[in-house]
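K.L.:
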Amino acid sequence: MEIASKYESQKVEKHWYDYWMSNGYFHSTPDEREPYTIVIPPPNVTGVLHMGHMLNNTIQDVLIRRARLMGKNACWVPGTDHASIATEAKVVAKLKEQGIDKADLTREEFLKHAWDWTDEYGGVILEQLKKLGCSCDWDRTKFTLDDNMSASVIKVFVDLFEKGLIYRGFRMVNWDPEAQTTLSDEEVIHEEKQGLLYYLEYQIEGSDEKVTIATTRPETILGDTAICINPTDERYTHLKGKKAIVPLSGRAIPIIEDEYVDIEFGTGCLKVTPAHDVNDKTLGEKHNLEVIDIFNANATLNHHGLHYEGKDRFVVRKEISKELEEKGFLVKTETHLNKVGTSERTKAVIEPRLSDQWFLKMEKLAEPAIKAVLETGDVKLFPKKFENTYRHWMENVRDWNISRQLWWGQQIPAYYYGEGADDFVVAERKEEALEKAIAKTGNKALTAVDLKQDEDALDTWFSSWLWPISVFNGILEPENKEIEYYYPTNDLVTGPDILFFWVARMIVSGYEYRDEKPFQNVYLTGLVRDKQRRKMSKSLGNSPDALGLINEYGADGVRVGLLLSAAAGNDLMFDEALCQQGKNFANKIWNGFRLVQGWEVADLPQPEASKLGLEWYNAKFNQTLLEIEDHFSKYRISDALMAIYKLVWDDYSSWLLEIVKPAYQQPIDKTTFDALIVIFENNLKLLHPFMPFLTEEIWQHIAERTPEEALVIAKWPEATAIDEALISGFDFAAEVIAGVRTIRKQKNIPMKEYLELSVLNEGAIAKDWDAVITKLTNVSEISYVAEAVDGALSFRVKSNEYFIPISGAIDVDAEIKKIEEELKYTKGFLKSVEKKLSNERFVSNAPKQVIEIEHKKKADAEAKIETLEKSLASLK
Numbered sequence: 000m001e002i003a004s005k006y007e008s009q010k011v012e013k014h015w016y017d018y019w020m021s022n023g024y025f026h027s028t029p030d031e032r033e034p035y036t037i038v039i040p041p042p043n044v045t046g047v048l049h050m051g052h053m054l055n056n057t058i059q060d061v062l063i064r065r066a067r068l069m070g071k072n073a074c075w076v077p078g079t080d081h082a083s084i085a086t087e088a089k090v091v092a093k094l095k096e097q098g099i100d101k102a103d104l105t106r107e108e109f110l111k112h113a114w115d116w117t118d119e120y121g122g123v124i125l126e127q128l129k130k131l132g133c134s135c136d137w138d139r140t141k142f143t144l145d146d147n148m149s150a151s152v153i154k155v156f157v158d159l160f161e162k163g164l165i166y167r168g169f170r171m172v173n174w175d176p177e178a179q180t181t182l183s184d185e186e187v188i189h190e191e192k193q194g195l196l197y198y199l200e201y202q203i204e205g206s207d208e209k210v211t212i213a214t215t216r217p218e219t220i221l222g223d224t225a226i227c228i229n230p231t232d233e234r235y236t237h238l239k240g241k242k243a244i245v246p247l248s249g250r251a252i253p254i255i256e257d258e259y260v261d262i263e264f265g266t267g268c269l270k271v272t273p274a275h276d277v278n279d280k281t282l283g284e285k286h287n288l289e290v291i292d293i294f295n296a297n298a299t300l301n302h303h304g305l306h307y308e309g310k311d312r313f314v315v316r317k318e319i320s321k322e323l324e325e326k327g328f329l330v331k332t333e334t335h336l337n338k339v340g341t342s343e344r345t346k347a348v349i350e351p352r353l354s355d356q357w358f359l360k361m362e363k364l365a366e367p368a369i370k371a372v373l374e375t376g377d378v379k380l381f382p383k384k385f386e387n388t389y390r391h392w393m394e395n396v397r398d399w400n401i402s403r404q405l406w407w408g409q410q411i412p413a414y415y416y417g418e419g420a421d422d423f424v425v426a427e428r429k430e431e432a433l434e435k436a437i438a439k440t441g442n443k444a445l446t447a448v449d450l451k452q453d454e455d456a457l458d459t460w461f462s463s464w465l466w467p468i469s470v471f472n473g474i475l476e477p478e479n480k481e482i483e484y485y486y487p488t489n490d491l492v493t494g495p496d497i498l499f500f501w502v503a504r505m506i507v508s509g510y511e512y513r514d515e516k517p518f519q520n521v522y523l524t525g526l527v528r529d530k531q532r533r534k535m536s537k538s539l540g541n542s543p544d545a546l547g548l549i550n551e552y553g554a555d556g557v558r559v560g561l562l563l564s565a566a567a568g569n570d571l572m573f574d575e576a577l578c579q580q581g582k583n584f585a586n587k588i589w590n591g592f593r594l595v596q597g598w599e600v601a602d603l604p605q606p607e608a609s610k611l612g613l614e615w616y617n618a619k620f621n622q623t624l625l626e627i628e629d630h631f632s633k634y635r636i637s638d639a640l641m642a643i644y645k646l647v648w649d650d651y652s653s654w655l656l657e658i659v660k661p662a663y664q665q666p667i668d669k670t671t672f673d674a675l676i677v678i679f680e681n682n683l684k685l686l687h688p689f690m691p692f693l694t695e696e697i698w699q700h701i702a703e704r705t706p707e708e709a710l711v712i713a714k715w716p717e718a719t720a721i722d723e724a725l726i727s728g729f730d731f732a733a734e735v736i737a738g739v740r741t742i743r744k745q746k747n748i749p750m751k752e753y754l755e756l757s758v759l760n761e762g763a764i765a766k767d768w769d770a771v772i773t774k775l776t777n778v779s780e781i782s783y784v785a786e787a788v789d790g791a792l793s794f795r796v797k798s799n800e801y802f803i804p805i806s807g808a809i810d811v812d813a814e815i816k817k818i819e820e821e822l823k824y825t826k827g828f829l830k831s832v833e834k835k836l837s838n839e840r841f842v843s844n845a846p847k848q849v850i851e852i853e854h855k856k857k858a859d860a861e862a863k864i865e866t867l868e869k870s871l872a873s874l875k
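Numbering that gives the first Met the number 0 numbers the first residue of the sequence shown as 0 and each following residue consecutively.
Put into structure tokens, the structure is as follows:
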């Protein structure tokens, strides 16, 4: 087969991906093999490929392709998440562009628009993953709103409710006024923001006295229902039992006492607004205070906001502070650093709000998940450092607010039949709900029409926490063949930012519904950042176009570029130059193959140098293979790639090919050629998980292959015993070769000019490698001498000294002068090091490593001086 002069990634990538798909290499069904399973962290259905996806999915593909090569039944389940808040926001925005308000639609009408949007855009990211080379079992693609996935979620809700773990409560929740839904605590990002502290005066009813309170939110005074003082605060004890007048509204509110008030903060007087602060709500319940909610769902003020009704909270803050100042209520303002909660999804400032919501009790559920990670090690986190984060979250876990005021998502299966707080039943279907309602009330006249299903949808995470189970239908059919075979899965690759949102909750659901961990290992990648350490994002404009990178550098180049800079658990400082490095590596491999393919093969005796070089490389390959296996076992994927990179670039391309390369326009012997092809095929097997397209293309060029012989399903190499003597022997020879090449370079002696090499073999080194040294240095002969050679340049390798006669090759006088200058400099350097080492204060205080470095400098300088002095003596 003709091989192109240049590696054309775009042609190659489409061809081989189509080939892999048409032959079903990615599809898995249960059989007698050991399963290896990964479930994809389902990207949002709203998403497009970004750098985080690129890194995360490249790592997963490396793991799954390697498992496939190792003969395991590799199954990588792909899919997408319906992403309640993000998707609903997209659909609402699209409708608004069309002049349609969500409020004017029925639930069914809105959901039709949402499904239309999902059908049009929902599969984009999965198609993009194919361009990256991801070898998912696409026949298994799941969506968290698929019928059976939703049925699983509803079944679990009903089950947990019946176990007494799900309850409905009137609580202070995090309210996102933009998405108009509650958020769990974990979905709120707390940011420090510079604001103002407003000092306001409240008139004491029936007197001229005033008290001053400090607040960061003057707009909420219209919801005040008390002023609270500390009973130990002597400044205010005379106010006990009195009332204060709320500025602007004129309402009289009680002055209460509670030790909760911090005497040192502000003025020591606290305004109490039970509807808009979680701590105020607690005070309100304790003192039976009135609750006045001044906000609409979108954070505009309602009728309790008086003449500010209909205005946004932040607009009101500016206007009301101005009015308070004009009317003499505002004493002063001070700058104040405040922690403000914002929505992870919409970035809107969160509003504490009292609301009826559904909650899941987490304390007992979390116990097996805590034990699995922190005690038994059944689930291992890589890097281990994230165990502390996991411990903090799980040991301080709160009840999970699982309801959302959205339509896009699984609708909560609670059915109301009356106005009372307990007038509802929970069931998987309306028919069952009716039966339960009749049984509960004894009212046989109830019909389905009398039942009204809860309007809220479930939190997206409440569906994705079942992902490793539900993708194999393990909730609806707990004993089906697939869940029994594929569960627990092997590895989960995800970001540490969702360690609690998703990872911890999956572990919780795994033990609750399978009595078993959902996965064995969790590999937590770092965040992708730019060279300035900024997180990559569209808003900063520092995130490159993922598909653009693939077009520019090839999928393999991008994969290599990402992984070379992705140490486990540490943030990745992405530099596009790394993708160029990946592309260069692909070209290096391609050109190396073209070189070998271009050689004529003949039945000739095998040269000693070739025989030795092949034996050495096989030993080096086995050594590297063991190193790679160790890296994989510790999820050091970047280190595994780097080991392969060095093996192929340095040992194979730079050394072995040079050792076996035939003389110009001469054939290579068949024995060497055949062995070289086997070696190259083994290199391709190691490279394939990282560079699947390039390796399959070359593999198919090497020989005609049937579909059963494709690289994607080839056999991963097995390590054999390592011949350490071969490796150390080559390392010594490589130093000798480097020494000769250095002299050629320094003295401008062309490679085509033969040199003689004499050896003072004081180290009693075997002559085995002389054939390789001779070939790679163009030395006419290597002679072994009993004493130093006069009139020659020399260098040392360990105990051995090597001499190269230079008669006629160089200007002796100029060389003597150059060596004398270098000798003078080196002696001066040695003197400075010795002075440092004789300084007791330095030796006593410097770290051990620093002292060791200085001693090494001293030894190196002494050895260099010895060599220079001998060279000088020889030349003179």
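The C-beta atom is built at its ideal place from N, Cα and C for all residues, glycine as well. Note that the structure is a prediction, hence the values are computed from the model and not measured.
I'd like the ranges of any alpha helix (DSSP H) spanning at least 4 consecutive residues and lying wholly in the segment 217-289.
P.N.:
Taking only runs of at least 4 residues, the alpha helix (DSSP H) segments lying wholly in the segment 217-289 are 277-285.
K.L.:
Which residue's Cα is closest to the Cα of Q665: E708, E599, G46?
P.N.:
The residue labelled residue 665 in the question sits at position 666 within the sequence shown. It is E599.
K.L.:
For K534 and K162, what's the separation of their Cα atoms in angstroms?
P.N.:
Taking the sequence shown and counting its residues from 1, the one referred to as residue 534 is at position 535. Taking the sequence shown and counting its residues from 1, the one referred to as residue 162 is at position 163. Spanning the two alpha carbons is a distance of roughly 43 Å.
K.L.:
Using beta-carbon positions only, say whether A456 and Q410 come within less than 7 Å of one another.
P.N.:
Residue numbering aside, residue 456 sits at position 457 when the sequence shown is read from its first letter. Residue numbering aside, residue 410 sits at position 411 when the sequence shown is read from its first letter. Their beta carbons are under 7 Å apart, which means A456 touches Q410 by this criterion.
K.L.:
Using 8 Å for Cβ pairs, my map puts V507 next to L491. What's the rounded Cβ distance?
P.N.:
As a first step, residue 507 must be located in the sequence shown, where it is residue number 508. As a first step, residue 491 must be located in the sequence shown, where it is residue number 492. Contact flag wrong, Cβ pair sits at about 14 Å.
K.L.:
Starting from the N-terminal side, write out each stretch of the alpha helix (DSSP H) that is 4 residues or longer and does not extend beyond the segment 572-612.
P.N.:
Qualifying alpha helix (DSSP H) stretches, in chain order: 575-596.
K.L.:
May I ask you to list the residues that DSSP assigns as paired with C74?
P.N.:
Reading the sequence shown from its first residue, position 75 is the one you call residue 74. Paired residue(s): T36.
K.L.:
Is it right to say A88 is buried, meaning 16 or more other beta carbons lie within 10 angstroms of its own, or is it exposed?
P.N.:
In the sequence shown, residue 88 corresponds to position 89, counting from 1. Classification of A88: buried, given that the 10 Å Cβ count is 16 or more.
K.L.:
Take L577 and list the residues in its own chain whose beta-carbon comes closer than 7 Å to its own, dropping the five residues that flank it on each side.
P.N.:
Here residue 577 refers to the residue found at position 578 of the sequence shown. Result list for L577: G560, L563, S564, in chain order.
K.L.:
If the criterion is Cβ atoms closer than 7 Å, does the pair E218 and I244 meet it?
P.N.:
Reading the sequence shown from its first residue, position 219 is the one you call residue 218. Reading the sequence shown from its first residue, position 245 is the one you call residue 244. For E218 and I244, no; Cβs fall outside 7 Å.
K.L.:
I'd like to know whether the C-beta atoms of L611 and V521 end up nearer to each other than 7 Å.
P.N.:
Locating residue 611 in the sequence shown gives position 612, counting from the first residue. Locating residue 521 in the sequence shown gives position 522, counting from the first residue. For L611 and V521, no; Cβs fall outside 7 Å.
K.L.:
Work out the CA separation of W392 and I37 for me, nearest whole Å.
P.N.:
Along the sequence shown, one-based indexing puts residue 37 at 38. Along the sequence shown, one-based indexing puts residue 392 at 393. Going by the C-alpha atoms only, they are around 25 Å apart.
K.L.:
If we require 3 or more residues per run, which beta strand (DSSP E) segments fall completely within the segment 387-420?
P.N.:
Qualifying beta strand (DSSP E) stretches, in chain order: 413-415.
K.L.:
With respect to the alpha helix (DSSP H) encompassing A213, which residues constitute its N-terminal and C-terminal limits?
P.N.:
Position 214 of the sequence shown, counted from the first residue, corresponds to residue 213. Premise fails: A213 lies in the beta strand (DSSP E), 209-214, not in any alpha helix (DSSP H).
K.L.:
To the nearest angstrom, report how far apart K744 and A737 are at their CA atoms.
P.N.:
Position 745 of the sequence shown, counting from 1, holds the residue named residue 744. Position 738 of the sequence shown, counting from 1, holds the residue named residue 737. If you take the alpha carbons of K744 and A737, they lie about 10 Å apart.
K.L.:
Would E12 and A608 be called neighbours here (beta carbons separated by less than 7 Å)?
P.N.:
One-based indexing of the sequence shown puts residue 12 at position 13. One-based indexing of the sequence shown puts residue 608 at position 609. No, the pair does not count as a contact, with Cβ atoms beyond the cut-off.
K.L.:
According to DSSP, what are the bridge partners of P804?
P.N.:
Stepping through the sequence shown from its first residue, residue 804 is reached at position 805. In DSSP, P804 forms a bridge with A791.
K.L.:
For L523 and E386, I'd like the C-alpha separation in whole angstroms.
P.N.:
Indexing the sequence shown from 1 puts residue 523 at position 524. Indexing the sequence shown from 1 puts residue 386 at position 387. Rounded to the nearest angstrom, the two C-alpha atoms are 11 Å apart.
K.L.:
Just reading off the alpha helix (DSSP H) that W15 is part of, what are its end residues?
P.N.:
For the purposes of this step, residue 15 is taken as residue 16 along the sequence shown, with counting starting at 1. Where W15 is concerned, the enclosing alpha helix (DSSP H) stretches over 8-21.
K.L.:
Taking the alpha carbon of T705 as the point to measure from, which residue in V425, K10, N22 has its own alpha carbon closest?
P.N.:
Stepping through the sequence shown from its first residue, residue 705 is reached at position 706. The candidate whose alpha carbon is nearest that of T705 is N22.
K.L.:
Please return the same chain residues whose Cβ sits closer than 6 Å to the Cβ of T332, not counting the five positions on each side in sequence.
P.N.:
For this step, residue 332 is matched to residue 333 along the sequence shown. Only L195, Y197 meet the Cβ criterion.
K.L.:
Where does the unbroken beta strand (DSSP E) through D490 begin, and where does it stop?
P.N.:
Taking the first residue of the sequence shown as 1, we reach residue 490 at position 491. Here the beta strand (DSSP E) through D490 covers 488-493.
K.L.:
I'd like to know whether the C-beta atoms of Y484 and P40 end up nearer to each other than 7 Å.
P.N.:
Indexing the sequence shown from 1 puts residue 484 at position 485. Indexing the sequence shown from 1 puts residue 40 at position 41. Not in contact: Y484 and P40 (Cβ atoms no closer than 7 Å).
K.L.:
Assign F142 to one of three DSSP states: helix, strand, or coil.
P.N.:
What you label residue 142 is simply residue 143 of the sequence shown in a count that begins at 1. Here F142 sits in strand by DSSP.
K.L.:
Using the Cα positions of D421 and E575, report the straight-line distance between them to the nearest angstrom.
P.N.:
Translated into the one-based positions of the sequence shown, residue 421 becomes position 422. Translated into the one-based positions of the sequence shown, residue 575 becomes position 576. About 60 Å.
K.L.:
Since K192 and V339 are thought to touch, with beta carbons under 8 Å apart, how far apart are those beta carbons, to the nearest angstrom?
P.N.:
In the sequence shown, the residue the question calls residue 192 occupies position 193. In the sequence shown, the residue the question calls residue 339 occupies position 340. The Cβ separation is near 5 Å, so the contact holds.
K.L.:
What separation, rounded to the nearest whole angstrom, lies between the Cα atoms of D649 and L686?
P.N.:
Looking up residue 649 in the sequence shown gives position 650. Looking up residue 686 in the sequence shown gives position 687. Each residue's alpha carbon lies about 15 Å from the other.
K.L.:
Which value, in whole angstroms, describes the spacing of the CA atoms of L877 and P412?
P.N.:
Coverage of the chain is limited to positions 0 through 875, which leaves residue 877 absent and any answer about it impossible.
K.L.:
So what does DSSP say about M750, is it helix, strand or coil?
P.N.:
To locate residue 750, count along the sequence shown from 1; it is residue 751. Looking at M750 - three-state DSSP - the assignment turns out to be coil, as it is neither helix nor strand.
K.L.:
For I474, which residues in the same chain have their Cβ closer than 7 Å to its Cβ, ignoring the five residues on either side in sequence?
P.N.:
Translated into the one-based positions of the sequence shown, residue 474 becomes position 475. Counting only Cβ-Cβ distances below 7 Å, and skipping sequence neighbours, we find S151, K154, V155, L465, I468, Y512.
K.L.:
Suppose only complete runs of 4+ residues qualify. What are the alpha helix (DSSP H) ranges in the segment 319-377, listed by chain order?
P.N.:
Here the runs fully enclosed are 362-373.
K.L.:
If distances are taken between C-alpha atoms only, which option among V348, F679, A702 comes closest to E1?
P.N.:
Here residue 1 refers to the residue found at position 2 when the sequence shown is read from its first residue. Out of V348, F679, A702, A702 has the C-alpha closest to the C-alpha of E1.
K.L.:
Would you check if the distance between the CB atom of S870 and the CB atom of S798 is smaller than 7 Å?
P.N.:
Working through the sequence shown from its first residue, we reach residue 870 at position 871. Working through the sequence shown from its first residue, we reach residue 798 at position 799. No, these two residues do not count as a Cβ contact at 7 Å.
K.L.:
What residues in its chain sit with their C-beta under 8 Å from that of R593, if we drop five residues either side in the sequence?
P.N.:
In the sequence shown, counting from the first residue as 1, residue 593 sits at position 594. Taken in chain order, the residues that qualify are I2, S4.
K.L.:
With three or more C-beta pairs closer than 8 Å as the rule, is the segment 354-366 touching the segment 251-264?
P.N.:
Verdict: no, contact absent.
K.L.:
How would you call M69, buried or exposed, if buried means at least 16 neighbouring beta carbons within 10 angstroms?
P.N.:
Mapped onto the sequence shown, residue 69 falls at position 70. Classification of M69: exposed, given that the 10 Å Cβ count is below 16.
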